[in-house]
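Position in the sequence shown counted from 1, then plus 17, gives you this note's numbering.
Just so you know, even glycine gets a beta-carbon here, dropped at the ideal spot from N, CA and C.
As the structure is a prediction and not an experimental result, all values here were calculated from the model.
Structure first, commentary second.
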Amino acid sequence: MLDGMTVQEQRQMLSEALDQAGKGDEQARLLHDAWRRGDERLLWTKMAAEMRQQYPQLYQRINTGRNDAWVPKLLPYLQAGQGGTLVVVGTLHLLGNEGVVEKLKAKGYKVERVCAGCRAKR
18 MLDGMTVQEQ RQMLSEALDQ AGKGDEQARL LHDAWRRGDE RLLWTKMAAE
68 MRQQYPQLYQ RINTGRNDAW VPKLLPYLQA GQGGTLVVVG TLHLLGNEGV
118 VEKLKAKGYK VERVCAGCRA KR
């Protein structure tokens, strides 16, 4: 992952990893529960918004830039789909206006969350 990054981006990535390491199990449980509830706002706040604010170059490189690269590669699969296509990515890539979900919706695709073991949002 660090290969191809600038020194500043590498520092940002390592700083982000160290910041997250200190939060441990409690943070993981919070994010897992938010995912199962479908609480995109909490996920955005705790994952994407903080990262984008604290480490903007890193956020661009590992999130927005990758999303921008993936969408054109997904389109042929979606266009050839037989009524449905499953795309699996990390949570961060699904969140916000720069996420894969919104990018596909902007191209006219219907995108829905599938999580059979998740609790419905109440």
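How is ARG139 classed by DSSP in three states: helix, strand or coil?
-> Caution applies to ARG139, whose pLDDT of 44 falls short of 50 and renders its modelled position unreliable; the model cannot decide the point.
Coil, strand or helix - THR62 by DSSP = Three-state result, THR62: helix.
With 16 other CB atoms within 10 Å as the buried threshold, where does LEU92 fall?
-> With fewer than 16 other CB atoms across the displayed protein chains lying within 10 angstroms of its CB, LEU92 is exposed.
Does the beta-carbon distance from THR102 to LEU95 come in below 7 Å?
-> yes
Express the C-alpha separation of ARG78 and LYS127 in angstroms, rounding to a whole number.
-> 26 Å
Around the Cβ of VAL24, are there at least 16 other Cβ atoms within 10 angstroms (buried) or fewer (exposed)?
-> exposed
THR81 and GLU115 closer than 7 Å at C-beta | yes
Pull up the distance between the alpha-carbon of ARG139 and that of GLU129, whole angstroms please.
-> Because ARG139 sits at a pLDDT of 44, beneath the cut-off of 50, its placement in the model cannot be relied upon, and the point is left open.
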